[in-house]
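So the structure is just underneath, and the comments pick up after that.
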Amino acid sequence: MSSFITLDGLSYKTPEGRGLFDNLTLAFGAERTGLVGRNGVGKTTLLRLMLGELQLASGTVSMRGRVG
Numbered sequence: 002m003s004s005f006i007t008l009d010g011l012s013y014k015t016p017e018g019r020g021l022f023d024n025l026t027l028a029f030g031a032e033r034t035g036l037v038g039r040n041g042v043g044k045t046t047l048l049r050l051m052l053g054e055l056q057l058a059s060g061t062v063s064m065r066g067r068v069g
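With positions in the sequence shown counted from 1, the corresponding number in our numbering is that position plus 1.
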């Protein structure tokens, strides 16, 4: 299976300096994927990073092999 979305070495800190992700690497196929967790653990932040709405501290997000 090839990856539809790939996060490679993603790191992010909030503007207040709180570290949410440190060297996160994930790969999602084209099938449906659920993102679940308690309030305040970073689900929406992760999606905003994947969409390019927030600036990564490091790492890359690619979709179908294209970094963006």
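Cβ coordinates follow ideal geometry from the N, Cα and C atoms, glycine included.
Residue range of the beta strand (DSSP E) that residue i falls in?
{"i": "Ala61", "result": "The sequence given here has Thr at residue 61, not Ala. Run containing Thr61: Ser59 to Met64, per the beta strand (DSSP E) assignment."}
{"i": "Thr26", "result": "Gly20 to Phe29"}
DSSP three-state call for residue i: helix, strand or coil?
{"i": "Thr34", "result": "coil"}
{"i": "Ser4", "result": "coil"}
{"i": "Gln11", "result": "The sequence shown places Leu at residue 11, rather than the Gln named in the question. Leu11 falls in the strand class under three-state DSSP."}
Please report the straight-line C-alpha distance between residue i and residue j, rounded to a whole angstrom.
{"i": "Arg67", "j": "Gly43", "result": "24 Å"}
{"i": "Arg65", "j": "Arg19", "result": "30 Å"}
{"i": "Leu52", "j": "Ala58", "result": "15 Å"}
{"i": "Leu36", "j": "Glu17", "result": "24 Å"}
{"i": "Asn24", "j": "Thr7", "result": "13 Å"}
Terminal residues of the continuous alpha helix (DSSP H) containing residue i?
{"i": "Thr45", "result": "Lys44 to Leu52"}
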